[in-house]
């Protein structure tokens, strides 16, 4: 069964595609951006305060396929 | 104006975000002065219809009739999610920096790093291999496991079932270790250990 892209556009407005990571290694950390004197929300990385954004070190012990996600609203 | 988005340091339920990944220029210490043109720099990209704008863990790849409009969540529960995928990230120390599009925003975030497990490890987790059964408290390595078809194993991985069992056991040992470690370096926090949420023992 198939549908042309043009027909799909006519019939649907949204498509959701999920990545199954059930069998993947996962490490998650939560944090927050905030203003104030420390200014942990430094804006874009190329800006003058970009280095103020939260930073993490990812140490690769061997060559591997890496997939990372950043989500807003979990802390 | 994006619904739920506020500038000026106020709390926001919804802010445009991005992530970057690059070879660390400062070892295990904080990096400043990032050069996005440097080799090995990965950028999650701005949220766009053909990028990964997410709604509750679901990736929205196309939004709006004709696919020409940028996704604009209209519900306060909606949130951004962006991602970076690197098929073969080499050994070394990398910096992951998480950013918003505007300085001063106040918002929580969650960073997750994934790496696929080996076939042997997945089989072990599912209990479909001799090594996995042993790891799960089932028959020890070398014992007959009736649920495993040696011919099936031969076809997939080895010249015989015993070799496959040993190989799986070795993989099991090796893949008990994640290929990566994640540590927060800025802001400095007292808890810098990995926080595995789904680590398989």
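Protein chains in written order, with the numbering used here: chain C, 2 to 76; chain S, 136 to 336. Glycine included, each C-beta is placed from N, C-alpha and C at the ideal position.
A distance below 6 Å between beta-carbons, with the five flanking residues on each side excluded, links residue 176/S to the following residues of its chain, in chain order: 157. Under the Cβ distance rule, residue 238/S counts among the residues neighbouring chain C, one pair being separated by less than 9 Å. The Cβ atoms of residue 246/S and residue 71/C lie closer than 9 Å to each other. Secondary-structure assignment with DSSP links residue 245/S through a beta bridge to 31/C, 72/C.
DSSP, read as helix, strand or coil, puts residue 227/S in strand. Within 8 Å of the CB of residue 158/S, no CB atom of chain C is found; the nearest one sits about 10 Å away. In the three-state reduction of the DSSP assignment, residue 13/C falls in the coil class. Distance from the CA atom of residue 232/S to the CA atom of residue 28/C, rounded to whole angstroms, is 16 Å. Between the alpha carbons of residue 39/C and residue 241/S lies a distance of about 12 Å. The beta carbon of residue 45/C sits closer than 8 Å to the beta carbons of 51 from its chain, once the five residues preceding and following it are set aside; these are given in chain order. Interface residue (Cβ-Cβ distance to chain C less than 9 Å): residue 174/S is not classified as such.
Remark: C-beta atoms of residue 217/S and residue 162/S do not approach each other more closely than 9 Å. Here residue 56/C carries a strand assignment [DSSP, helix/strand/coil]. Assigned with DSSP and collapsed to three states, residue 320/S falls in strand.
Taking each of 26/C, 47/C, 12/C, 15/C in turn and checking the Cα distance to residue 314/S, the smallest one comes out for 26/C. Cβ neighbours of residue 36/C within its own chain (closer than 8 Å, five residues either side excluded): 42. Separation of residue 252/S and residue 4/C (C-alpha to C-alpha, rounded to the nearest whole angstrom) is 35 Å.
Around the beta carbon of residue 58/C, 16 or more other beta carbons lie within 10 angstroms, which makes this residue buried.
Interface residue (Cβ-Cβ distance to chain S less than 9 Å): residue 38/C is not classified as such.
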